[in-house]
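Following: one structure in structure tokens, then a few remarks.
Chains as they are written, first to last, in this note's numbering: chain R, 1 to 364; chain U, 1 to 758.
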């Protein structure tokens with residue numbers, strides 16, 4: 001499966017956006033840009049793809065207010081910039097684009113967030129990806145350790161064969177920002193499943209305790225809310241090798257969101273959920289149950305935590321009964337717990353007791 | 001008059017040494033702490049200087065210097081010098097060496113000195129805390145040399161002790177001869193502090209309400225602050241008035257009776273009180289069941305009581321009603337006046353908006369008083385702190401007991417949230433980048449205590465302050481709304497002038513197509529008529545230049561009449577090429593040609609006779625169809641009211657038993673844009689007007705009354721009489737807007753003080 005577009009396809013798709021503005025002005029109207037509403041109210045489950053996608057709600061950004069008009073002008077500058085990069089065979093980071101925009105007069109960005117959002121807007125309306133746009137994110141990808149072998153094309157254009165257990169140090173294999181077929185080829189593996197882990201501390205604990213070898217799994221460090229490339233490589237390993245994915249996170253509302261973005265797609269990137277989401281990924285813990293069952297050291301929920309949990313209750317991605325039960329239980333408890341709170345019972349408790357018990361429960 | 005320090009001390013010092021009395025009562029004399037003692041000392045000296053200059057019609061320049069004399073023992077040297085008329089040598093010992101010297105305690109008029117113990121208190125305090133006399137230098141213009149003398153106080157005899165008196169040639173630092181003035185140098189135990197209650201703050205506040213004064217202040221670090229003079233206009237001379245019967249107390253009446261040489265009781269009443277006509281005097285005597293020919297000196301206490309009741313309105317006269325009296329004259333008051341408050345405020349505080357209001361004088365219990373309020377907003381003031389409240393009584397700053405003061409309470413009673421300030425629960429001191437000034441001018445200021453730092457509760461004064469504050473608030477809200485609209489309009493202009501053309505060019509370039517024409521898109525985006533007003537001070541011409549541009553960004557031709565507010569009484573309109581016509585007082589109108597879609601029309605003119613900062617914003621109104629962003633639709637009903645008052649005002653002749661002709665039947669604020677509470681305010685105003693019914697005027701007294709109540713030069717005499725109350729206090733529209741600007745047309749919703757209406 002390839003999801004990228006040729007330069008010609010990308011340019012044509014972007015010209016559609018420009019044409020919409022141009023035609024409106026020719027008709028004596030204010031220029032517009034039409035794009036899906038990007039809130040949780042407009043995401044729905046796509047049963048064919050098994051992920052959450054944007055629904056039919058469209059918002060029209062028109063140039064009747066100064067803010068929107070500036071957005072349109074910026075979009076044109078970005079399109080021009082992308083065309084230049086495609087023609088010159090270059091790429092830039094989103095941050096570089098933000099700085100380059102300083103020279104765009106009225107079309108310059110006033111924050112990095114604005115330029116990131118606009119790049120996403122363009123992806124959504126053109127159905128292209130930022131890889132097509134030659135834009136890369138600032139964030140680096142995750143780390144991975146386990147008996148997995150892949151080919152990565154290095155900057156000299158040569159393929160390098162890397163085993164993510166034998167050819168790497170303790171910090172593991174660093175996942176690059178582009179993990180599409182032209183950059184990464186998945187070669188072979190000798191593991192039974194992949195475990196995605198939220199915190200670096202826990203990742204290192206599992207590595208030190210040799211959990212990957214003992215339990216025949218690959219460990220992937222998510223670094224909090226996982227970058228696109230992290231979710232994408234997880235998705236590819238799941239799909240191409242048919243490997244199950246379990247997700248091991250803190251037990252708080254924010255971790256629930258991380259899981260949802262891995263399994264169902266993030267609201268911000270719902271336009272490419274089918275490329276990024278791994279619907280079969282399962283949530284291992286920490287669950288609200290675990291806080292009680294393992295008597296874990298816990299913190300009180302903050303006001304923001306409670307708000308987040310309540311928002312999740314109405315989020316379509318958490319609509320099933322298991323999640324509703326977990327969220328309500330956490331609200332009732334008024335507590336949250338970190339992964340590393342398992343250390344209460346010693347450094348090996350997580351690898352010797354907790355994870356084996358939970359994995360067995362889940363049928364691994 | 002209030003049983004004050006004067007009487008108490010007069011009786012007290014007979015038994016104990018005056019120093020002991022001072023020691024015991026220093027809390028209400030203002031010398032209770034080292035910090036406060038210094039403020040009080042500065043205050044007494046500065047008050048003296050200001051009063052002396054005012055009486056001598058001199059523009060005051062006052063130098064205050066505070067330095068550390070003996071830091072270990074907290075001894076400070078205070079030096080205050082003025083350019084006043086000086087004090088003759090023979091009076092020096094009384095002014096500086098005798099407590100309660102002077103006439104101010106016995107005369108009813110507005111004066112600063114009413115509030116303090118006087119400069120002798122400073123000499124006394126210095127002597128008690130350091131054992132040293134004060135050094136005085138005084139020079140009067142007619143003498144060659146100055147007098148220099150050390151003055152202390154014999155605390156047993158309340159008498160000055162003069163030492164080292166000599167004639168000197170008095171020169172300034174540059175060796176120039178000083179023509180006239182007084183200088184006092186006193187060493188005292190005191191502490192210099194900064195902050196809300198400090199010498200600096202006192203001088204800053206004094207400077208605000210005395211815009212005619214120039215003040216230099218050098219603090220103990222040697223840093224000098226200059227509070228400049230912003231007007232050459234001296235406060236007008238206030239006349240002393242006789243007491244008014246309605247607020248009289250028994251003791252006062254008895255004293256006056258006893259010391260009277262009149263042979264007839266009626267003459268006594270007519271000659272010793274204000275507001276008592278020949279007829280009224282007869283009626284009062286009758287109401288008290290006394291005889292016209294009773295000798296005042298011989299009136300017995302019971303009869304005095306009866307007379308007092310009649311005078312206080314508690315006994316009915318022949319008509320079965322209390323005897324009608326004329327209100328006391330109000331020319332004994334000296335308000336600062338709006339334009340000067342504005343100047344005073346803007347010289348010490350940076351701001352974007354200032355509104356000021358001088359309410360008409362009113363009378364409470366026989367005492368005339370007048371409320372003035374100023375509100376200054378924006379600029380460098382902190383947005384998250386409580387608003388600074390600057391309180392003044394008779395031009396004297398009140399710096400302590402803010403929370404217990406009537407003036408503060410009146411401000412706190414206003415729901416400032418509706419006017420754009422933050423206020424928890426709609427009560428209390430609001431928060432925001434603003435300062436509120438309140439000035440009460442009165443012949444008799446009621447304080448909560450003898451410390452004289454907070455005004456006592458008084459419903460009528462409270463109402464006056466509150467009404468004035470509400471009006472300030474409405475002005476502020478209009479200003480903020482206008483700013484918001486202007487910001488929005490500015491954005492729209494940026495959109496169509498910069499962004500849209502850029503979108504057109506860039507999209508055309510990317511598609512390799514011709515650049516599209518934008519007029520259609522612009523009309524769609526704006527779909528409005530936009531009014532841009534700029535009012536700017538022109539340094540070169542010393543004029544205020546005004547430009548009003550109307551852009552038609554709709555698809556249809558539009559035609560409008562544009563009207564602007566302008567300070568007709570203070571300024572002249574020049575360079576007005578379009579001509580136009582006067583629509584009403586302070587309101588000029590131009591009928592514009594039809595503006596085609598995409599076109600514009602401009603009106604320009606200048607104002608002369610104003611100073612920089614006098615006129616910063618021009619209110620624009622229009623007649624015509626559709627909305628104009630940046631201007632308000634003219635409310636014809638209000639305009640009709642204004643015209644009616646201008647035209648018909650002079651016909652109003654009050655006759656006996658008839659109330660002031662105020663039209664209560666309808667609220668002319670009709671177009672719903674008002675968000676304030678005009679009804680509530682209306683009601684207040686109506687009742688206020690009722691407070692002072694017009695008085696039938698005795699023919700033999702009429703001339704007197706006229707002379708008393710309308711001094712020449714008072715702006716109010718020229719104005720047409722009262723616009724009906726509802727129109728004036730109604731909310732957002734013309735009445736309001738014009739009112740704040742044209743200063744005096746609509747200020748007259750007050751008592752009928754006779755002079756104007758005749």
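Just so you know, even glycine gets a beta-carbon here, dropped at the ideal spot from N, CA and C.
- Separation of residue 102 of chain R and residue 222 of chain R (C-alpha to C-alpha, rounded to the nearest whole angstrom) is 33 Å.
- The alpha-carbon separation between residue 584 of chain U and residue 567 of chain U amounts to approximately 12 Å.
- Within the same chain, 335, 337, 338, 372 come within 6 Å of residue 358 of chain U by CB-CB distance, once the 5 residues on both sides are set aside.
- As the crow flies, the alpha-carbon of residue 331 of chain R is around 10 Å from that of residue 308 of chain R.
- Per DSSP, reduced to three states, the secondary structure at residue 351 of chain R is helical.
- Uninterrupted beta strand (DSSP E) stretches at least 3 residues long and entirely within the region 228-263 of chain R occur at 245-248, given in chain order.
- Residue 430 of chain U is positioned such that its CB atom lies closer than 9 Å to that of residue 386 of chain U.
- Distance from the CA of residue 213 of chain R to the CA of residue 117 of chain R, rounded to the nearest whole angstrom, comes to 41 Å.
- When CB distances to chain R are screened at a threshold of 8 Å, the residues of the region 485-502 of chain U falling below it are 491, 492, 494, 495, 498, 499, 500, 502, in chain order.
- Contact note: residue 18 of chain R reaches chain U through 507, 510, 511, using a C-beta cutoff of 7 Å and chain order.
- Secondary structure of residue 336 of chain U (DSSP, three-state): coil.
- Inter-residue distance for residue 231 of chain U and residue 59 of chain U is about 9 Å (C-alpha atoms, whole angstroms).
- When the Cα atoms are used, residue 186 of chain U and residue 133 of chain U turn out to be separated by approximately 7 Å.
- In summary, the residues of the region 77-91 of chain R whose CB is separated from some CB of chain U by less than 8 Å are 77, 79, 80, 83, in the order they occur in the chain.
- At a cut-off of 9 Å between C-beta atoms, residue 391 of chain U does not count as an interface residue with respect to chain R.
- Pairwise C-beta distances place the region 467-487 of chain U out of contact with the region 496-512 of chain U, as fewer than three of them are shorter than 8 Å.
- Contacts with chain U (Cβ-Cβ distance below 8 Å) from the region 20-39 of chain R involve 21, 22, 24, 25, 26, 27, 28, 29, 30, 31, listed in chain order.
- Separation of residue 82 of chain R and residue 351 of chain R (C-alpha to C-alpha, rounded to the nearest whole angstrom) is 48 Å.
- Within chain U, the residues whose beta carbon sits less than 7 Å from that of residue 70 of chain R are 499, listed in sequence order.
- Separation of residue 147 of chain R and residue 342 of chain R (C-alpha to C-alpha, rounded to the nearest whole angstrom) is 26 Å.
- Using a C-beta cut-off of 8 Å, the region 35-45 of chain R makes no contact with the region 64-83 of chain R, since fewer than three inter-stretch Cβ pairs fall below that distance.
- At a beta-carbon threshold of 7 Å, the residues of chain R lying near residue 525 of chain U are 30, 63, 64, ordered along the chain.
- Counting the other Cβ atoms within 10 Å of the Cβ of residue 95 of chain U gives 16 or more, which makes it buried.
- Beta-bridge pairing by DSSP links residue 300 of chain R to R/335.
- Interface flag for residue 630 of chain U against chain R is unset, since no Cβ pair is found closer than 9 Å.
- The beta carbons of residue 97 of chain U and residue 120 of chain U sit closer together than 9 Å.
- A residue is called buried when at least 16 other Cβ atoms come within 10 angstroms of its Cβ; residue 237 of chain R meets this threshold and is buried.
- Contact note: residue 108 of chain R does not reach chain U at a C-beta cutoff of 7 Å; the least C-beta distance is about 12 Å.
- At a Cβ-Cβ threshold of 9 Å, residue 263 of chain R and residue 317 of chain R count as neighbours.
- Under DSSP, residue 538 of chain U forms a beta bridge with U/543.
- Within the region 40-60 of chain U, no residue places its CB atom closer than 7 Å to a CB of chain R.
- Note on residue 87 of chain U: 16 or more other CB atoms within 10 angstroms of its CB, so buried under the neighbour-count rule.
- In this structure, residue 278 of chain R lies near residue 235 of chain R, with their beta-carbon atoms less than 9 Å apart.
- Within chain U, 510, 511 have C-beta atoms less than 8 Å from the C-beta of residue 15 of chain R, given in sequence order.
- At the C-beta level, residue 328 of chain U and residue 366 of chain U come within 9 Å of one another.
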